[in-house]
Amino acid sequence: MIAPITGKFRKLFLKDLTIALTLGGVAGAAWWNLYHLPQVQRRDAFYAKLEASKSQHLTILYNTHHHATITQNSHK
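Numbering-wise (the working numbering), the sequence shown opens with residue 206 and increments by one.
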């Protein structure tokens, strides 16, 4: 008589679980490093450029207004 196969289900389950968690971790790390982080860097660069543009624009407006106020006051 052939001996019964014992523990086969548990071994297959552990193998499947290990493979699934490994592939999930690899896929998650790939997504994080290859998609998410570059996307965040592009977003941050966009907003830094936008902020610099706004700051420069406000400085120009302030200087123009300030110069006009000084010119008006000097003619009085």
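Ideal Cβ positions, reconstructed from N, Cα and C, are used throughout, including at glycine.
- ALA208 sits in coil when the DSSP states are folded into three classes, being neither helix nor strand.
- In the DSSP annotation of this structure, the continuous segment of the alpha helix (DSSP H) that includes TRP236 starts and ends at 213 to 236.
- Straight through space, the alpha carbons of TRP237 and GLU256 are spaced by roughly 27 Å.
- Straight through space, the alpha carbons of LEU239 and ARG247 are spaced by roughly 13 Å.
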